[in-house]
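Undergrad: Residue numbers (the working numbering): 124 to 286. Below is the structure I would like to discuss, written out as structure tokens.
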């Protein structure tokens with residue numbers, strides 16, 4: 124088993140990804156105005172019985188029913204809110220080893236995201252004392268498409284899933 128989607132599904136996923144990318148362009152992007160015009164044109168008129176034909180952009184927006192994007196305000200946490208989870212980032216690798224040796228917690232989860240050889244990914248490991256219980260890794264893809272920050276977030280998600 125090649126662990127691959129059928130061609131039609133893969134093509135539809137790629138088109139959906141591209142359409143979402145177009146729909147979420149920043150207003151400062153050079154293509155934003157043209158994409159917004161195409162989107163609003165599609166919303167205003169139905170192309171049936173019209174002398175003009177819809178462009179591929181019109182067709183993809185119509186196919187996936189992409190709506191205007193919504194800006195979601197970030198959640199602010201109350202300063203008096205406390206949790207049992209402690210997060211810490213050591214200043215150096217040597218300091219991290221030393222702090223790991225001195226740690227008294229029974230369970231510890233470590234996560235990281237990085238870019239190596241042009242690829243971005245994340246990893247996490249769950250430790251119980253000195254023993255590695257579980258670990259997870261996930262390769263996001265090329266550094267052309269993903270950032271190290273996204274790899275860091277993937278590492279944190281993997282760490283939470285290990286718990």
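Yeah, the Cβ is synthetic: ideal placement off N, Cα and C, and Gly gets one too.
1. Alpha carbon to alpha carbon, what distance is there between residue 178 and residue 283?
2. So, residue 246 versus residue 285, is the Cβ gap smaller than 8 Å?
3. Thinking C-beta only, is residue 277 closer than 8 Å to residue 252?
4. How would you label residue 213, buried or exposed, when you count the other beta carbons within 10 angstroms and need 16 or more for buried?
5. Looking at residue 184 and residue 287, is the spacing between their C-beta atoms short of 8 Å?
6. Does the stretch 263 to 278 come within contact of the stretch 230 to 238, defined as at least 3 CB pairs closer than 8 Å?
7. Mind checking who residue 250 pairs with in its DSSP beta bridge?
8. Excluding the five sequence neighbours on either side, which residues of its own chain have a C-beta within less than 8 Å of the C-beta of residue 255, listed in chain order?
9. For residue 272 and residue 131, what's the separation of their Cα atoms in angstroms?
10. To which residues does DSSP link residue 238 through a beta bridge?
11. Relative to the C-alpha of residue 186, which candidate in 217, 208, 143, 154 has its C-alpha closest?
12. I need the DSSP call for residue 263, collapsed to helix, strand or coil.
13. Could you check the C-alpha separation between residue 150 and residue 160 for me, to the nearest Å?
TA: Judging by the given coordinates:
1. Numbered from 1 along the chain shown, position 160 holds the residue referred to as residue 283. Numbered from 1 along the chain shown, position 55 holds the residue referred to as residue 178. One C-alpha to the other measures close to 44 Å.
2. Numbered from its first residue, the chain shown carries residue 246 at position 123. Numbered from its first residue, the chain shown carries residue 285 at position 162. Result no, Cβ atoms of residue 246 and residue 285 do not sit closer than 8 Å.
3. Along the chain shown, one-based indexing puts residue 252 at 129. Along the chain shown, one-based indexing puts residue 277 at 154. Not closer than 8 Å, so no.
4. Working through the chain shown from its first residue, we reach residue 213 at position 90. So residue 213 counts as exposed.
5. What is shown of the chain runs 124 to 286, which leaves residue 287 out entirely.
6. yes
7. Residue mapping note: residue 250 aligns to position 127 of the chain shown, counting from 1. According to DSSP, which records beta bridges pairwise, residue 250 is partnered with 231, 255.
8. As a working note, residue 255 is residue 132 in the chain shown. Result list for residue 255: 248, 249, in chain order.
9. Within the chain shown, residue 272 is the residue found at index 149, counting from 1. Within the chain shown, residue 131 is the residue found at index 8, counting from 1. Their backbone Cα atoms lie some 32 Å apart in a straight line.
10. For the purposes of this step, residue 238 is taken as the residue at position 115 of the chain shown. 243.
11. Here residue 186 corresponds to residue number 63 of the chain shown, with the count starting at 1. Minimum Cα distance to residue 186 is reached at 143.
12. The sequence position of residue 263 within the chain shown is 140, counting from 1. Looking at residue 263 - three-state DSSP - the assignment turns out to be strand.
13. In the chain shown, the residue the question calls residue 150 occupies position 27. In the chain shown, the residue the question calls residue 160 occupies position 37. Looking at the two C-alpha atoms, the distance is approximately 12 Å.
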